[in-house]
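Report on the structure given below.
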Amino acid sequence: MPIDATNTAESSRSRGKGRPRISETAVPSLVQILNLIRTGRASTRQELEQKGELGRAVVADRLQLLSDLGLVDESELGNATGGRAPRLVQFSGRQGFILLATLDQTSIGVGVSDLTGKLLTQHHEAADLTAPVAQLADRLTSLFNWCLERQATPTAPWGISLSVPGTVQAGRDDVFMTTTPTTLPAWEDFPLVETLTRQFGVPVWIRSSVETMTMGELHAGAGLGRRSILFVKAGRRIGAGIICDGQLYRGAQGAAGLIGALPVVSDGVTGTLDVMAGSDMIEREGRNAAQSGRSPVLADLLRRGAEITAIEVSQAAQIGDPAASAILSKSGHLIGQVVATLANALNPEVIVLSGTLTQTNDILLAGIREAVYGASHPLVTRDLQIICSQMGSSAGLVGAARVASEALFAPAFLKDWILHGKPTLHPDFVNFRARANKAELPPPTHLPPSDPGRNAP
């Protein structure tokens with residue numbers, strides 16, 4: 002329940018002689034205490050007093066306010082250590098939901114998480130990202146509604162977090178998005194952020210797929226508990242995500258990790274890593290090997306009318322086709338050369354590889370490992386692990402959830418909505434929502450009312 006700041010200030014003044022207004026003193030300590038609890042750094046009142054360097058009365062007062070707001074719970078007892086068992090102070094992660102979506106060139110994934118970033122529901126289906134954005138927005142709306150209907154507790158969403166291909170520029174919209182980035186073709190002609198804000202009444206965040214997948218690995222995958230991670234996604238485009246000291250590094254413009262644009266040399270030819278080692282190269286070289294007869298497996302597929310894609314080349318390599326194996330090995334070594342340079346610069350604990358080809362082909366993985374271990378300093382590789390992601394399509398959803406949860410409770414944003422009880426009452430968001438509601442938005446192209454989740458299970 003939202004708390005009126007004026008009334009709270011009056012009650013605060015009446016409880017103690019000479020105590021300043023709550024608007025002047027309570028908000029910083031409320032923010033500090035809530036984030037200590039939310040991040041697991043404190044789970045009892047005594048720990049809050051010690052780590053927050055706050056008095057017992059202040060902690061008790063702020064916990065009562067947070068409990069009234071429904072943000073914390075003290076109903077469970079911890080383990081006794083020689084005396085009375087302390088009450089555990091826990092974050093109420095189910096106070097709100099976060100709607101999630103990952104948009105790929107050929108698929109859409111949607112999900113719901115609680116406020117801790119824990120994934121509760123997910124669904125994936127084929128999609129064409131080159132279709133009109135209005136259709137994409139309408140499909141997202143239908144799937145989001147379907148996800149919410151599946152939740153046992155009828156709790157309102159607090160935010161929407163999207164993972165998209167391409168770079169999402171960092172800037173003034175980092176608190177929450179107020180404009181649709183021109184990340185995908187035709188996005189500049191359709192107000193996707195404004196449309197979702199208008200339909201669901203919550204803030205929207207958008208990050209690149211590499212960034213969200215990196216966050217997913219950090220918090221629920223191979224990077225769990227680690228402070229330094231290098232994440233590499235290999236496909237048509239090759240990108241990297243960088244975790245330094247437990248935090249995602251985005252760079253000045255949100256463009257950190259664009260390793261696909263780096264130059265590499267192969268057989269005397271210079272080109273970008275994307276062109277020389279990406280899936281387009283694998284497909285092109287595989288087709289040449291099939292047409293020339295150098296690859297018996299791919300040549301047989303071509304004679305039978307099959308399309309030669311990077312997947313077919315990968316499968317041919319896995320069953321021992323020499324030409325296909327050489328193509329995958331070449332790609333792996335080129336990617337590994339660039340990754341080795343990053344490893345020498347960053348000294349990561351683990352390198353996590355993702356993308357269909359790296360997760361289904363041992364030859365590509367072996368090429369990357371050989372290049373990295375061969376070109377890196379011995380101290381860098383002494384304890385270095387190079388592994389494939391095991392999260393699959395869930396990594397982007399989990400990472401998108403973490404992006405939103407961290408943004409919702411970032412101190413600069415939290416301080417302006419905490420006394421109102423929910424982020425949708427943040428003054429800046431209230432103003433943006435009012436503008437979005439007044440804006441002229443394209444008419445929706447809704448699916449039939451009887452089928453809100455057309456392909457959803």
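Using my numbering, read the sequence shown as starting at 2 and increasing by one per residue. We treat Cβ as the ideally placed atom computed from N, Cα and C, and that holds for glycine.
| Item | Value |
| --- | --- |
| With distances taken between CB atoms, is the gap from Val265 to Leu335 smaller than 8 angstroms? | yes |
| Nearest-angstrom Cα distance between Gly167 and Leu89? | 43 angstroms |
| Take every Cβ of the stretch 143 to 156, pair it with every Cβ of the stretch 177 to 196, and state whether three or more of those distances are shorter than 8 angstroms. | no |
| What are the residues that DSSP puts in a beta bridge with Ser164? | Thr103 and Arg208 |
| Using beta-carbon positions only, say whether Thr156 and Arg95 come within less than 8 angstroms of one another. | yes |
| Please name the residue in Leu67, Leu409, Gly247 and Gln91 whose C-alpha comes closest to that of Glu77. | Gln91 |
| Quick one: Cα of Asn438 to Cα of Ser394, how far? | 33 angstroms |
| Using beta carbons (cut-off 8 angstroms, strictly below), is Val113 in contact with chain B? | No chain B appears in the structure shown, which is made up of a single protein chain. |
| Of the choices Pro428, Arg305, Asp246 and Leu409, whose alpha-carbon is the least far from that of Trp206? | Leu409 |
| Who are His125's beta bridge partners in DSSP? | Gly110 |
| What's the gap between the Cα of Thr361 and the Cα of Ser315? | 8 angstroms |
| Inspect the beta-carbon positions of Ser162 and Ala405 and report whether they are closer than 8 angstroms. | yes |
| May I have a chain-ordered list of the beta strand (DSSP E) segments no shorter than 3 residues that lie completely inside the stretch 235 to 322? | 239 to 245, 248 to 250, 264 to 267 and 270 to 273 |
| Could you check the C-alpha separation between Ile352 and Thr382 for me, to the nearest Å? | 11 angstroms |
| Does the pairing of the stretch 278 to 293 with the stretch 325 to 340 give three or more beta-carbon distances under 8 angstroms? | yes |
| Helix, strand or coil: which one does DSSP assign to Arg22? | Legend: pLDDT at Arg22 = 43, less than 50; position of this residue unreliable, value from coordinates given subsequently. Correct three-state label for Arg22: coil. |
| List the whole-angstrom C-beta distance separating Ile419 from Leu31, where the pair is believed to meet the contact cut-off of C-beta under 8 angstroms. | 5 angstroms |
| What number of angstroms, rounded off, separates the C-alpha of Gln51 from the C-alpha of Leu116? | 25 angstroms |
| So, for Ser280: in the same chain, excluding its five sequence neighbours on each side, which residues have a beta-carbon less than 6 angstroms away from its beta-carbon? | Gly236, Arg237 and Ala311 |
| Would you mind sorting Ala223 into buried or exposed? The rule is 16 or more other CB atoms within 10 Å of its CB. | buried |
| Starting from Ile352, follow its DSSP beta bridges and name the residues at the other end. | Leu231 and Ile387 |
| Would you give the residue range spanned by the alpha helix (DSSP H) that Ile364 belongs to? | Asp363 to Ala376 |
| Report the rounded CA-to-CA distance for Ala401 versus Phe177, giving the unit in angstroms. | 13 angstroms |
| Can Met214 and Phe201 be called in contact, C-beta distance under 8 angstroms? | no |
| Please state whether DSSP places Val59 in a helix, a strand or coil. | helix |
| Hey, could you find the ends of the alpha helix (DSSP H) Ala413 is sitting in? | Pro412 to Leu415 |
| Between which two residues does the alpha helix (DSSP H) containing Ser76 stretch? | It is not in any alpha helix (DSSP H) - Ser76 carries neither H nor E in the DSSP assignment. |
| Helix, strand or coil: how does DSSP classify Leu66 here? | helix |
| Nearest to Val340 by alpha carbon, out of Gly375, Asp363 and Gly321? | Gly375 |
| What are the boundary residues of the alpha helix (DSSP H) that Arg434 is part of? | Pro428 to Lys439 |
| Please tell me whether Glu212 and Leu249 are closer than 8 angstroms, where the distance is taken between their beta carbons. | yes |
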